[in-house]
Structure formats: C-alpha cells, structure tokens
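*Asks:*
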Amino acid sequence: EAQVTQNPRYLITVTGKKLTVTCSQNMNHEYMSWYRQDPGLGLRQIYYSMNVEVTDKGDVPEGYKVSRKEKRNFPLILESPSPNQTSLYFCASSRFWAGSGTNEKLFFGSGTQLSVL
Amino acid sequence: AQKITQTQPGMFVQEKEAVTLDCTYDTSDPSYGLFWYKQPSSGEMIFLIYQGSYDQQNATEGRYSLNFQKARKSANLVISASQLGDSAMYFCAMREGIQGAQKLVFGQGTRLTINP
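Residue numbers (the working numbering), protein chains in the order written: chain A, 3 to 119; chain B, 19 to 134.
1. Identify the contact partners of B:Cys-62 in chain A, using a Cβ-Cβ distance below 7 Å as the criterion.
2. Cα separation between B:Arg-90 and B:Thr-42?
3. Cα separation between A:Phe-109 and A:Val-118?
4. Sort A:Val-56, A:Gly-44 and A:Arg-70 by Cα distance to B:Met-112 and report the nearest one.
5. Closer than 7 Å by beta-carbon distance: list the chain A residues that pair up with B:Tyr-126, in chain order.
6. Return the chain-ordered list of same chain residues with a C-beta closer than 6 Å to the C-beta of B:Phe-86, the five sequence neighbours on each side being excluded.
7. For B:Lys-88, count neighbouring C-beta atoms within 10 Å of its own C-beta (all shown protein chains included) and say buried if the count is 16 or more, exposed if not.
8. By a C-beta neighbour count over all protein chains shown, 10 Å radius and 16 as the cutoff for buried, is A:Gln-143 buried or exposed?
9. What would DSSP say about A:Gln-115, mapped onto helix, strand or coil?
10. Chain B partners of A:Leu-80, CB-CB under 9 Å?
11. Tell me, please, whether the CB atom of A:Ala-94 is closer than 9 Å to any CB atom in chain B?
12. Using 9 Å as the threshold, is the C-beta distance between B:Asp-44 and B:Thr-25 below it?
13. Indicate the three-state DSSP secondary structure (helix, strand or coil) for A:Asp-58 in the structure shown.
14. Start and end of the beta strand (DSSP E) containing A:Gln-16?
15. List the endpoints of the continuous beta strand (DSSP E) containing B:Gly-70.
16. Over what stretch of residues does the beta strand (DSSP E) that includes A:Gly-42 continue unbroken?
17. Where in the region 76-115 of chain A do unbroken runs of the alpha helix (DSSP H), each at least 4 residues long, occur, reported from the N-terminal end onward?
18. Is the beta carbon of A:Gln-47 within less than 8 Å of some heavy atom of the ligand ZN?
19. Between A:Gln-39 and A:Leu-90, which are expected to be in contact by the criterion C-beta below 8 Å, what is the C-beta distance as a whole number of angstroms?
20. Compare the C-beta of A:Glu-106 with all C-beta atoms of chain B and state if any pair is closer than 9 Å.
21. Compare the C-alpha of B:Leu-84 against each of B:Met-63, B:Pro-48 and B:Thr-38 and name the closest.
22. With a cut-off of 8 Å, do at least 3 Cβ pairs link the region 115-132 of chain B to the region 48-55 of chain B?
23. Give the residues of chain B in contact with A:Ser-35, contact being defined as C-beta atoms less than 9 Å apart.
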C-alpha cells in the first residue's frame, strides 16, 4: 500500500531533550516536506527536500533540522525542543515539485502530536 | 498578506443538507492549483479535490465539487447531501506555479459539524 509513515504518533518530552520524528515513503517520491499545524494558523512548512541531499528551509525552520540521505526517508530533528514546538507535525511527499506542475498533490503521513513540557 | 483565507472557523449543518465552505486566495501567478483536504478527528489529512487555474470546468469528485470563480479568486468547496462522517476540519490550499515557493500554502481551516 502506498503510504507515508511517521513515527511516533504521539510524543511527550521535556525541554532540551533531543528527539527525532521519522518519516518514510514507499512511493519513490522525489519531494518531501515537513509541516506543523497549530490552531488558527493552518499548516506551515518547516523544511522541504526536492531530492536526496537537497533540503531547504520553509516558513518556520528555527529549532529544527532535517536530512535526506536516502530517497525514502526524511527525518525531522529537534536538537533542543522548547514548549513553543508543541504542535501536530506532518510529513508529506509528492512525485516531484516542478514549477509548472501544479496538480501534484501531497500525500500526508498520519501526523505526530508532540508535547514539550 | 494571507495567500489563502478561510473565513468560517466553524460551521454547523443538518445531515443531508448541502454545505459550502469558503476559500479565497491571493496570487499573481497565472499558473496555480487549488486543493481541498479533509482532516477527521483521527488527525490524518485526506485529499478531496483539485482545481487548476487553467481548468475550464469546475472540478467534481463524487459528492464534492469546487465552485471556482477565477475573477473573484474564490474556490469554495461544496459538499452535497452531507453525512455524519463529513464532520471534520477542512483545509483549502494553493500551489503556485513558476513564481511560487516549493510548498502548499494552507488556509486556517473550517471545522464542519454535521448534526443528525
């Protein structure tokens, strides 16, 4: 089954304790992205990757790191989490992200609810 | 300026009625795409429907249709014959073409509640 898999589904941690949220897709997609969802703000992009070893900042990258060493995996790393990073996080992928190809939809993972105490 | 605006934070509708969820957008790019996603209480994001800026006809997918008014820059989602399972958060999103960033831009969302 084609899917984007995120783990864990729920995570409670304390300020400053490094954590990684994993994301894997089995569709051979080139493009992957991380979003965070906060009430009243919709989804905002954190980082994205156009292909292996190609990553770039989105709208809210502060406090986050990513890597894309393999095509299928795109982990999100919080080196020193803070309470303002409490949020619902989504990993998403699509076949590619060409400028004119506006019909490529994003496939989303199930989300990771993170609470930082 | 907001690129995607959803002005209805919440809506309450009787089962079997049709419902329209509003979405307005702002872009100067002539090539763009508009998406609607559904987020049930379980949290996942489900793709519903897509409309391209050059599409001549309004998009339809089963009970979902998109009322696309290009001059007014609106892309309202219409759900016909609503069901209890339609209760969810709904997000409108836009992807710009040549001029755009490499992301979907999302609205704030509308929480739809279907009453029996």
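Just so you know, even glycine gets a beta-carbon here, dropped at the ideal spot from N, CA and C.
Please read these numbers as outputs of a predicted model, since none were measured by experiment.
*Replies:* Here's the rundown:
1. Here the sequence assigns Glu to residue 62 of chain B, which means Cys is not the residue at that position. Residues of chain A passing the Cβ test: Phe-110, Ser-112 and Gly-113.
2. 8 Å
3. 27 Å
4. A:Gly-44
5. The question names Tyr, but residue 126 of chain B in the sequence shown is Gln. Neighbours of B:Gln-126 on chain A, chain order: Gly-42, Leu-43 and Gly-44.
6. Gln-69, Asn-76 and Ala-93
7. By the neighbour-count definition (other C-beta atoms within 10 Å, threshold 16), B:Lys-88 is an exposed residue.
8. Residue numbering for chain A in the displayed model covers 3 to 119; residue 143 of chain A lies beyond these limits and cannot be assessed.
9. Three-state DSSP puts A:Gln-115 in a strand.
10. Ordered by position in chain B, no residue passes the 9 Å Cβ test against A:Leu-80, which lies about 20 Å from the chain.
11. At a cut-off of 9 Å between beta-carbon atoms, A:Ala-94 makes contact with chain B.
12. no
13. Of the three classes helix, strand and coil, the one that applies to A:Asp-58 here is strand, per DSSP.
14. Checking the sequence shown, residue 16 of chain A turns out to be Val, not Gln. If you look at A:Val-16, you'll find it isn't in any beta strand (DSSP E); DSSP assigns it neither H nor E.
15. Going by DSSP, B:Gly-70 is part of the beta strand (DSSP E) stretching over 64-70.
16. No beta strand (DSSP E) holds A:Gly-42; DSSP gives it neither H nor E.
17. none
18. Ligands displayed in this structure: none; no statement on the ligand ZN is therefore possible.
19. 4 Å
20. yes
21. B:Thr-38
22. yes
23. Gln-120, Lys-121 and Leu-122
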